[in-house]
Every structure is written in structure tokens, then in C-alpha cells.
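A.B. asks: In the UniProt record's numbering, the protein residues as written are 1 to 436. Cβ coordinates follow ideal geometry from the N, Cα and C atoms, glycine included. Only a predicted model underlies this, so the values are computations on that prediction, with no experimental measurement involved. Quick one: this structure, given as C-alpha cells, is what I'll be asking you about.
Rendered as C-alpha cells:
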């Protein structure tokens, strides 16, 4: 089905794009990579600079040939870049015929569209539901083919907030630094406060690589319950990799000089507020012309009787969790009632005198973190975000073990829809092992 008379059309949605304020000029978003079979199986991605690449008043937009791309060192193609409206209509497009691409090289436009038009004056047209839809079409003939193969991908920018209060007993007698642990399904770290109350270290234990930005705001809660700012700091993904983050706290002398206000009952109460920005990609899927498509991406459901977003927030925010799912390397807060409602296996664990009922955790060490996370996301939100063939096959096995029949069926349907000569044998073996 792949031939030179067919164009390849990559449509990429960036959801919640107004939350990309943490990006700086010259920092961009990259789409999931996609392969164009008709162009010698070459591999590409799209680069978008919402805050500007080299010119800050413009959105930059580029087509990038990947470094690990197949095909010859230099390849010549025609391409068109476009911003689309809600109905798929073209709001802005630029076409470039016959451009030569080398590996790990991008061509495009630093001044593709004015930021003011996209984010202000024509925001309703460019950003319906705060989603920017961009498109790239690639072809190799002199004339643009009428027929296109379509690929789709989604990137979601999400902002999550976490907070807690750290109560420190007898602060006036501290002789050494003290520690507290913050644990979340996205990030784990130790907080280390020195005895002089003027320095805070954040020792990273683990963090999800979807996190691109984190800010920490610290306040002291005084005797009347008021919050007094005590220091803040912003970090980017490159900072998290360092392992230890530090920042100086403001005016520690004020604590010592007014103990009755800041150490009521000889307790120091520090309020921590964290803001985390994540970038999540939901993979590409090829849709051939005139064939039914299998939609892969962020699932949205309008006017549904099930408050999916609310249930998903229970999982993401660990609200009122009463058990934990533990893998070899991660811990996921969870709720016995929800797990039991979705899985007879979990219901049996929590209903009988089994160790999972009394220990407060369920150990799942025979599946990867990604598989467990996907299973929990489906249990809470009925969601299969960014499913690929490999993750679908692993999720299928987990669904079978925990008797989540609807999930098993959907994974099975996905694998059938993506069946090809390269994976047919694997599918047959999997079906035989699980009597499907």
C-alpha cells in the first residue's frame, strides 16, 4: 500500500498547550517519531516551538529527519507544514518542494506563525479546547498526490499539584539536619532541612521522565494558621537528573526571634506546594485510505454518565488511598473498593484472610512498571492511552491474570487490528497460552 503516488500525512495534536509556559525560547516539543514507508522507510518527527525558536514572537515549526533513520544519507522530498482548525481546515500552511534532508537534520520555519495570533487574537480558531493541531504532509513526486496515508499522534501537557505539611517537633533543640520523604506515583524524593533552617535539599529517589518542570514553594504556618512565604525554586528536567536539588530559605532568623509565633507548642509547621508539568506522548498509528481506522491516543468521552476524570484523579492524586500496588521498583497508591469492583482476583484478595488484606499492599513483581501503570489507568479511567503492539501484548497477559475481561478483550482487538506478518507468530503463541 506504500508507494510514491501516495502522500504521507502526519497529524499531531498538542493538548493543554497553554500550560507550556515553563518552556523557554529555543526549547520545543517533539512529536512521537513516525516512519514513511514510501520514502525508503525513513523515520521522522515534528518539532514545535510554542515560545519561539530563534524569534520569540513567532511559533517555530519544523520537520526533522531522525538520527537513527534508515535510507540513504541524503534524501529529497516535498513537504507541507500546516496548522489546522477544529474541523480540519487549514488555518496556516507553507509548502516547500524538493528539499534535501540529511539524517538528524530539520527543515522548517522559525517564523511559521505569530504567537499573538495563535494564543491571543485568533485563539478560538487555533486552540479549540486548548488544543493545537498541526500537520505535516510528505511526498516525493513533482505533483502532490491526491491520496494520502494518515498517521495520528497526541501530546498532552499536564500540570499536577501536590502539597503537604511537615510538622517538626522541638525545632529549637535541633542539633543536626532532619529528613522527610515525599512519595508520589510520579516522583519520590527526600527532603533534608539543615539545623539552621536556611537550606533545603531535595534528594531525588526516582521520577517519571514525563516530568519536564517542577516548582517547590515553601511556607511557614504561624500560630494563627497564616502562611508566610519561606522560599521557592523552579527546576527543569535537566536539573532533576542531577539527583540533588538545593535552595536557600528566606530569613531563618525570623523563626528564632519570634518562637511564639513560628514555633507554637514547640512545633515548626512547613507547608510544601509542588507544581509538576508533564509531557505525555500517545503514539502514532497508520491509517490507510478507505480502511477503517483504529484510533489510538488520549480517549475522550463527552456527556458520559461515568465521571471518568474524577476517578482518574483518585488514581493520579492518591486521594483516600487505602492500599498500595508494589512492583520491583515503584509503588502505586490505590483503593481496595475500585480494584475489587474491576477485578475478581483483587476482590478475592481483599475479601478473604490473605496477606494483601492485612499488609496494606499488593506485590506485583512479574510485570513491568509500565504494564502495571497501564492496567491501573484502565481500572480507574477505562483508558488505553498511547497503546502500542508491545505494550498491548503485555497488558493482555496482565488482564488475563487479574481477570479484567473487558481489558483483555480490548487488548485482543487491538492486536488483531495491528496484525502483520512480523508479529503473527507471537500473537498465535499468546492466544494459545491464554486459550483465546
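Determine, using beta carbons only, whether residue 279 and residue 157 come nearer to each other than 8 Å.
C.D. replies: Start at 1 with the first residue of the chain shown, and residue 279 comes out as number 279. Start at 1 with the first residue of the chain shown, and residue 157 comes out as number 157. Their beta carbons are under 8 Å apart, which means residue 279 touches residue 157 by this criterion.
A.B. asks: Among residues of its own chain, excluding the 5 on either side of residue 70, which ones have a beta-carbon nearer than 7 Å to its beta-carbon?
C.D. replies: Mapped onto the chain shown, residue 70 falls at position 70. Answer for residue 70: 40, 41, 42 and 43, listed in chain order.
A.B. asks: Taking 8 Å as the threshold (C-beta atoms), are residue 244 and residue 184 in contact?
C.D. replies: Along the chain shown, read from residue 1 onward, the residue named residue 184 stands at position 184. Along the chain shown, read from residue 1 onward, the residue named residue 244 stands at position 244. No. Outside cutoff.
A.B. asks: For residue 382, is the beta carbon positioned less than 7 Å from some heavy atom of the ligand GTP?
C.D. replies: Here there are no bound small molecules, and the ligand GTP is not part of this structure.
A.B. asks: Answer with buried or exposed for residue 21, where buried requires no fewer than 16 other C-beta atoms within 10 angstroms of its C-beta.
C.D. replies: For this step, residue 21 is matched to residue 21 along the chain shown. So residue 21 counts as exposed.
A.B. asks: Considering just the uninterrupted stretch of the beta strand (DSSP E) at residue 58, what are its terminal residues?
C.D. replies: As a position in the chain shown, residue 58 is number 58, starting the count at 1. That run of the beta strand (DSSP E) goes 58–65.
A.B. asks: How long is the line joining the alpha carbons of residue 50 and residue 355, rounded to whole angstroms?
C.D. replies: By one-based count along the chain shown, residue 50 stands at place 50. By one-based count along the chain shown, residue 355 stands at place 355. Their backbone Cα atoms lie some 51 Å apart in a straight line.
A.B. asks: How big is the Cα-Cα spacing for residue 150 and residue 417?
C.D. replies: Within the chain shown, the letter at position 150 stands for residue 150. Within the chain shown, the letter at position 417 stands for residue 417. C-alpha separation (whole angstroms): 16 Å.
A.B. asks: Please check the pair residue 58 and residue 146, which I expect to be a contact at CB under 8 Å, by giving their CB distance rounded to whole angstroms.
C.D. replies: For the purposes of this step, residue 58 is identified with residue 58 of the chain shown, where counting begins at 1. For the purposes of this step, residue 146 is identified with residue 146 of the chain shown, where counting begins at 1. Not really, about 32 Å apart at Cβ, beyond 8 Å.
A.B. asks: Report the rounded CA-to-CA distance for residue 159 versus residue 197, giving the unit in angstroms.
C.D. replies: Position 159 of the chain shown holds residue 159. Position 197 of the chain shown holds residue 197. Answer to the nearest angstrom: the Cα atoms are 29 Å apart.
A.B. asks: Counting only runs that start and end within the stretch 135–211, where is the beta strand (DSSP E) found for 3 or more residues in a row?
C.D. replies: Segments of the beta strand (DSSP E) lying fully in the stretch 135–211: 148–169, 178–183, 187–193 and 199–207.
A.B. asks: Identify which residue in 148, 257, 430 and 277 has its Cα closest to the Cα of residue 6.
C.D. replies: Looking up residue 6 in the chain shown gives position 6. Minimum Cα distance to residue 6 is reached at 148.
A.B. asks: Using the Cα positions of residue 343 and residue 324, report the straight-line distance between them to the nearest angstrom.
C.D. replies: As a position in the chain shown, residue 343 is number 343, starting the count at 1. As a position in the chain shown, residue 324 is number 324, starting the count at 1. For residue 343 and residue 324, the distance between alpha carbons rounds to 15 Å.
A.B. asks: Based on Cα-Cα distance, which residue from 87, 84, 420 and 62 lies nearest to residue 105?
C.D. replies: Here the question's residue 105 lines up with position 105 in the chain shown. Residue 105 has its Cα closest to that of 62, out of 87, 84, 420 and 62.
A.B. asks: Which one of 27, 55, 37 and 56 has the shortest CA to CA distance from residue 47?
C.D. replies: Counting from one through the chain shown, the residue named residue 47 turns up at place 47. Of the listed residues, the one whose Cα sits closest to residue 47 is 27.
A.B. asks: Return the CA-CA distance between residue 87 and residue 340, expressed in angstroms with no decimal places.
C.D. replies: By one-based count along the chain shown, residue 87 stands at place 87. By one-based count along the chain shown, residue 340 stands at place 340. Cα to Cα, residue 87 sits roughly 41 Å from residue 340.
A.B. asks: Which term fits residue 177, buried or exposed, when burial requires 16 or more other beta carbons within 10 angstroms of its beta carbon?
C.D. replies: Residue 177 sits at position 177 when you count from the first residue of the chain shown. Per the 10 Å Cβ criterion, exposed.
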